[in-house]
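Take a look at the structure set out below.
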Amino acid sequence: MKSIRKLLLYTEPYKFFIVLAPLLMALEVTMDLLQPLIMQKIIDNGIANDDMTYVVQMGLFMIAAAIIGLAGGVGCTIYSTKAAVNFATDIRRDVFKKVEDFSSGNCDSFGAGKLITIVTSDISLVQTALMMTLRVFVRGPLLFIGSIIIVFFQARELFPLLFFLIPILLFFIIVLSRKAGVWFKRVQEGIDQLNTKLQESIAGIRVVKAFVRKDYEIGLFKKVNDSLTKTTMTADQIITILMPILLFVINCGIVIALILGVIRVEEGSIQVGMILAFINYLNIILMALMSSSMVLMQLMRAFPSADRIQQVLETKNEIERFEDLRQVTSVEGDIEFKDVSFSYSKNGEHVLKHLSFTVAKGEKIGIIGPTGSGKTTLAKLLPRLYDVGQGEILIDGVNLKNLNLESLRSSIGYITQKPILFSGSIETNLKYGKTSATNEELKNAAKHACATEFIEGFEDKYAHQLTQGATNLSGGQKQRLSIARAFIRKPSILILDDATSAVDARSEATILQALESDFHNTTTFVIASKISSIIKADKILVMDDGEIIGNGTHQQLLENCPLYQEIYNTQAEKGGVVVE
Ligand SMILES: Nc1ncnc2c1ncn2[C@@H]1O[C@H](COP(=O)(O)OP(=O)(O)OP(=O)(O)O)[C@@H](O)[C@H]1O
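Residue numbers (full-length UniProt numbering): 1 to 580.
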């Protein structure tokens with residue numbers, strides 16, 4: 001409820017539509033309410049007295065009321081749609097903005113499947129709830145209250161029947177709506193799971209095929225899908241059961257009204273038209289309650305969705321941002337890790353433990369170590385994808401947290417372990433980090449990343465379109481493009497996280513050579529599994545289980561770091577280490 005109230009602030013720019021739609025609906029309802037009354041008059045005054053002129057006059061009046069009602073109804077539909085659609089668009093925009101601002105930790109905790117469900121399904125549900133509320137929720141209560149008032153004045157003899165019928169109807173509506181609300185929350189969670197599974201299977205389709213696990217994946221999907229079907233059926237059944245119950249109660253009311261009517265007509269205390277009008281109003285009350293309960297159900301569905309949307313909007317970014325931080329227009333690139341420890345979860349085990357080292361501007365640092373030893377995690381701390389738990393990282397003597405986040409990240413070129421490219425042209429992808437890059441810069445970066453040859457090989461060269469996930473490129477080509485994309489920015493700090501693993505040895509040597517010649521002022525971290533990739537580094541950090549167990553040049557480490565020696569020997573045996 002609190003979440004819905006907060007989301008309703010998004011209706012502020014559309015308050016004109018929000019006010020106008022119910023007013024137009026009120027007009028339609030008034031006209032609808034007049035119809036049985038006019039009919040009663042036609043029967044009791046016109047037909048009973050054989051007064052044709054009166055019947056025609058009232059007939060015309062009835063048609064006029066219907067036309068006015070229609071105009072009101074159409075107007076309400078137009079304005080309620082405008083309000084609800086714009087309301088949802090604005091929320092979607094802000095949720096997307098928020099997600100774009102999320103830290104890696106925030107993304108991990110939500111998961112992509114849930115975020116997709118929120119941006120699509122949850123926001124649509126809230127939109128429908130607002131639209132229905134503006135259209136029906138006003139109509140329902142107005143018809144309901146209007147009918148009661150008219151029955152009170154026009155068919156008072158039958159009015160006490162309402163005291164008996166309405167509480168029963170309300171009881172069923174309230175109990176079943178509450179129950180449906182609980183189940184609809186489960187439906188949304190089911191959609192989360194379905195989206196997550198679908199995303200995982202599509203992204204991993206090649207692995208599924210290579211391992212011949214199609215049936216297994218279909219089985220897993222079926223499980224999630226069946227569970228969603230079951231939940232949705234239960235939720236829908238709760239709603240559908242409500243209609244026959246309401247209809248049954250109303251029909252009982254009509255039977256009682258007819259029995260009472262027969263007795264009273266014989267006594268002469270009520271007229272036939274009044275009984276007909278009463279039955280008409282009972283039907284209107286039924287319609288009003290049914291449509292209101294539909295909206296209530298929709299609201300019950302929208303409440304959990306609103307909570308989920310608010311959860312995103314109110315999530316505090318784990319990366320703290322302080323106002324008026326130092327803008328780093330030109331980061332030099334001196335880096336110091338001071339007793340840095342880090343854990344991915346609050347009370348989880350530290351994956352980095354008491355790291356301390358310094359790197360001078362322009363130095364090339366190699367990082368090597370067994371898988372899972374914390375190399376990537378260390379790299380992620382520099383652009384503050386995650387914040388350090390204990391200790392501090394200084395850049396040019398200033399704690400990272402005291403630097404403006406955007407300008408810090410602009411100074412860093414980060415080539416991730418798994419290259420991530422976007423659908424669009426090669427040029428758009430290369431210019432992703434520097435939209436103002438000239439053609440010359442583009443070509444230079446491609447040359448240094450050994451990407452020129454394959455780009456020029458395409459008929460449309462830099463305009464060549466990449467598919468989603470760049471599936472129309474090889475692994476090595478993707479890596480070269482992501483290296484070129486980082487090179488183009490000419491960053492002060494460059495991180496290559498296993499960035500050349502899919503690149504052939506000759507091209508890797510050219511890329512490493514470019515690092516030395518064109519990026520001699522750039523502080524560069526090269527995370528690698530092959531010693532050949534870091535052998536010329538000014539300094540090599542050897543990591544094991546989150547700790548730095550060796551720090552020195554290749555020669556120094558060969559002399560004093562047993563793990564490095566072991567890695568060297570293993571790779572040398574395989575003929576992998578290329579020493580100058
Ligand atoms: N997002 C995450 N959430 C929780 N734990 C994580 C996350 N990413 C990595 N870890 C854990 O942190 C530890 C260090 O992982 P990291 O990726 O830094 O290792 P690495 O040395 O780069 O490994 P590799 O050489 O295989 O890339 C591992 O135990 C890993 O399971």
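Quick reminder that beta carbons are idealized off the backbone N, C-alpha and C, glycines included.
- Three or more Cβ pairs closer than 8 Å define a contact, and the region 11-24 meets that threshold against the region 80-96.
- At a threshold of 7 Å, V74 does not count as near ligand 1, since its beta carbon sits no closer than that to any of the ligand's heavy atoms.
- The alpha helix (DSSP H) runs of length 4 or more contained entirely in the region 439-473 are, from start to end of the chain, 439-448, 452-457.
- Per the DSSP secondary-structure output, I166 pairs with nothing in a beta bridge.
- Residues of the same chain with a CB within less than 8 Å of the CB of R178, apart from the 5 flanking positions on each side, are M300 in chain order.
- Contact between the region 420-433 and the region 341-348 is absent: fewer than three C-beta pairs spanning the two stretches fall below 8 Å.
- Taking C-alpha positions only, S373 is separated from I488 by approximately 30 Å.
- Annotated as distal: K536 and Q571, with beta-carbon spacing of 8 Å or more.
- In terms of side-chain proximity, the C-beta atom of G372 is found nearer than 7 Å to a non-hydrogen atom of ligand 1.
- Taken in chain order, the unbroken stretches of alpha helix (DSSP H) that lie wholly in the region 468-538 and span 4 residues or more are 475-487, 505-518.
- Three or more Cβ pairs drawn from the region 442-458 and the region 479-494 lie within less than 8 Å of each other, which places the two stretches in contact.
- For S3 against D307, the beta-carbon gap comes to about 5 Å, under 8 Å, which counts as contact.
- At a Cβ-Cβ threshold of 8 Å, S492 and G333 count as neighbours.
- Rounded to whole angstroms, the Cβ separation of I415 and D497 is 6 Å, and the two are in contact under 8 Å.
- When only Cα atoms are considered, T128 and F16 end up about 19 Å apart.
- By the Cβ criterion, the region 248-259 is not in contact with the region 132-142, since fewer than three pairs of Cβ atoms, one from each stretch, lie closer than 8 Å.
- Cβ-Cβ distances below 6 Å link T117 to I191, D192, N195 in the same chain, with the five nearest sequence neighbours on each side left out; the list follows chain order.
- Closest by C-alpha distance to M297, out of V331, I279, I239, T315, is I239.
- Residue range 554-560 is occupied by the alpha helix (DSSP H) that includes Q555.
- The region 276-292 makes no contact with the region 180-188; the number of CB pairs closer than 8 Å stays below 3.
- Within the same chain, Cβ atoms closer than 6 Å to the Cβ of E547 are found at K353, the five residues on either side in sequence being excluded.
- Within the region 352-411, the complete alpha helix (DSSP H) segments at least 4 residues long are 375-381, 405-410, listed from N- to C-terminus.
- In the structure shown, the three-state DSSP call for S227 is helix.
- Restricting attention to Y14, L176, L158, Q513, the CA atom closest to the CA of L130 is found in Y14.
- Taking T231 as the centre and dropping the five residues before and after it, the same chain places the C-beta of W183, R186, V187, G190 closer than 7 Å to its C-beta, in chain order.
- Of the residues Q35, K316, E440, the one whose Cα lies closest to the Cα of M58 is Q35.
- I68 has its alpha-carbon roughly 55 Å from the corresponding atom of Q465.
- For V340, no alpha helix (DSSP H) segment is defined; the enclosing uninterrupted segment is the beta strand (DSSP E) at 335-342.
- Following the DSSP letters along the chain, one finds T53 inside the alpha helix (DSSP H) bounded by residues 52-101.
- The residues I488, in chain order, have a CB closer than 7 Å to that of E441 in the same chain once the five nearest residues on each side in sequence are set aside.
- Remark: the C-beta of Q417 is in contact range of ligand 1, defined as less than 7 Å to any heavy atom.
- Shortest gap from the CB of Y564 to any heavy atom of ligand 1: 7 Å or more.
- The count of Cβ pairs closer than 8 Å, one atom from the region 264-280 and one from the region 36-53, reaches three, so the stretches are in contact.
- In the DSSP assignment, G105 forms no beta bridge with any residue.
- As computed with DSSP, M290 is found in no beta bridge at all.
- Annotation for I393: I335, E336, F337, K338, V340, L381, L382, N399, L400 place their beta carbon closer than 8 Å to its own, counting only its chain and skipping 5 residues before and after.
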